[in-house]
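A quick write-up on the structure given underneath.
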C-alpha cells in the first residue's frame, strides 16, 4: 500500500519513548522512512529553569531512546542549536517531505511550533500527546475555561479518554545522516554529584509504572500523605519527559480502583489548561487581587531555606530530599512552599524557580500551579488565611519522625515528639543542627496582617 510521504522527520522533545507515541506512530504510518531527531540546547553552566539533576536524567532518557530505535532498525539523530534552524536544515539535507511532532504544553514550546509552521515550506503535522485531553476539550458550558478544580474534575473524569496505541515493530532511517554523539553532563558544562536519582529511559519508567500499579496506587488513598511511605506513584519525571504514555498510565490506573489517584492526574490536566488559557501566570499571580503583595527581599533566611538549615525539621527534610533525589513528597512540597511564602514572606516566584532547578520533573504548569496554590494567589488556591504549621503538620504526617530522620541525620537520636512543637528554650534540637530561624506564630500573624491590608488597599 502506498504511503503519503517517502521520508519524514519525527522531532522528539518531551516524548522520549516508542510506546504509544502519537506523532511517531503517525509518521511511520505515513511514510517509508522516518528521521528521528533530538535537538540539544546551547546554554552552558547555570540555568534559571533547569539543573544538573534533570539534565543527567535527560541524558539517560536519550541513551535509552537511541538504543530502542537501533533495535528497531532506526537511528536517533542528535543536533545542537536553534531548533527551528536545525529542523529546517535537516529537512533540506535529508530531502524530507514533512515534519511530524507532538505538541508542547507550555507557551515556550508552542511558540516554537508556531514559528516552525510559519517558516517551513513542507507540511508540519502536530499531535496532542502529553495530556489526556487538549486544552480546549474540557470547557464550561459557555466555552470558557474552568478556574476551579472541582467542577473541572467533575466534567473531566467522565469524558472518554483515548486508548494507548501500541509500539512500532520497525523503523527505517537513512544511514547517511550526520549526528552528534549522545550528550553527557559536560555538554552543558555540568558535573555529576553524589545524588540518588532514578534511572532515566522508557524501560526504567515502565518498571516504575509496574511497581506503582502493583503496590502503591491501589493504596494511594490511604498512604499518599505520609512522606516516609512509598505511597505515591513517583512517575512525575517519566510523564514530564514522555518516557511513559499518560493514556497507558491512566487506563491501567483505572483498574486499580483508586479514584483519588485519577483525581491527582486531573490536577495535572487542570494546571496545563490554566497555563494554556492564562499564560500570564508564569509572571503574575493568577488572582489579580493578590498582585503587588509586599514580598520581603531574600536574605540569610532564604539561603537557610535553600540549604535545608531552617531549624524546622520537616522543612529541612523536604529540601534535603529534593537536593539529593530531585524529588520532594507532595505533602512536604505544600508545607515547604507555605513556609517560604507565609513564614518567610518571600515571593513564590523565587521558590518556583528553585524547585525548577532541582526537580527531575520540572513540569512548568504543575510547579507554577503548586506554588501559587500554596501562596494563596493561584487558581483554586488555598485561601490566604490557610497557613500550615510545620510543627503540627509533622505530628500529623510524620509522627514517628521516620521521614525527618531519613533526611536530617543530625536528628537521628532525637525523640520524634520534639519535632512536633518548637523547642521551649529556643535552642537547637541537636548538635550541628540550627535553632529555628523564626517564630511560626509571630510570622503567621504578620502574614494575615499583610494579606488583609493588601486586600483593603485593593478595594
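Numbering (this note's numbering), first residue to last: 2 to 460.
Built from N, CA and C at the ideal position, the CB exists for glycine as well.
In this structure, DSSP gives residue 126 an extended state, which the three-state scheme calls strand.
Across the structure, residue 229 and residue 338 are spaced so that their CA atoms are roughly 19 angstroms apart. Between residue 107 and residue 276, the CB-CB gap stays under 9 angstroms. Residue 214 places its beta carbon 9 angstroms or farther from that of residue 173. Using a Cβ distance threshold of 9 angstroms, residue 360 and residue 369 do not count as a contacting pair. Remark: three or more beta-carbon pairs, one from each stretch, lie closer than 8 angstroms, so the stretch 89–99 and the stretch 119–130 are flagged as touching. If you draw a straight line from the Cα of residue 345 to the Cα of residue 78, it comes to about 47 angstroms. Taking C-beta atoms under 8 angstroms as the contact rule, residue 247 and residue 132 qualify, at a distance of about 6 angstroms.
For residue 286, the CB contacts under 6 angstroms within the same chain, skipping 5 residues up- and downstream, are 292 and 378 in chain order.
Contact check for residue 81 against residue 117 fails: the beta carbons are separated by 9 angstroms or more. Residue 364 is classed as buried because its beta carbon has at least 16 other beta carbons within 10 Å across all chains shown. Between the alpha carbons of residue 33 and residue 24 lies a distance of about 15 angstroms. Beyond the five residues adjoining it in sequence on each side, residue 273 comes within less than 7 angstroms, by CB distance, of 106, 132, 136 and 366 in the same chain, given in chain order.
Residue state for residue 81 is assigned as strand, using DSSP reduced to three classes. Less than 9 angstroms separates the beta-carbon of residue 385 from that of residue 448. Note that the C-beta distance between residue 199 and residue 261 is not below 9 angstroms.
The alpha helix (DSSP H) runs of length 4 or more contained entirely in the stretch 156–180 do not exist; there are none.
DSSP links residue 39 through a beta bridge to 79.
Under the three-state reduction of DSSP, residue 9 is assigned to strand. Here residue 217 is not near residue 362, since their CB atoms are 9 angstroms or more apart. Nearest neighbour of residue 91 by Cα position, chosen from 409, 9 and 44, turns out to be 9. Taking C-alpha positions only, residue 109 is separated from residue 420 by approximately 43 angstroms. Cα atoms of residue 424 and residue 397: separation of roughly 18 angstroms, rounded to the nearest angstrom. Contact check for residue 269 against residue 20 fails: the beta carbons are separated by 9 angstroms or more. Residue range 99–103 is occupied by the beta strand (DSSP E) that includes residue 99. Under the three-state reduction of DSSP output, residue 288 falls in the coil class, being neither helix nor strand.
Around the beta-carbon of residue 4, fewer than 16 other beta-carbon atoms lie within 10 Å, marking it exposed.
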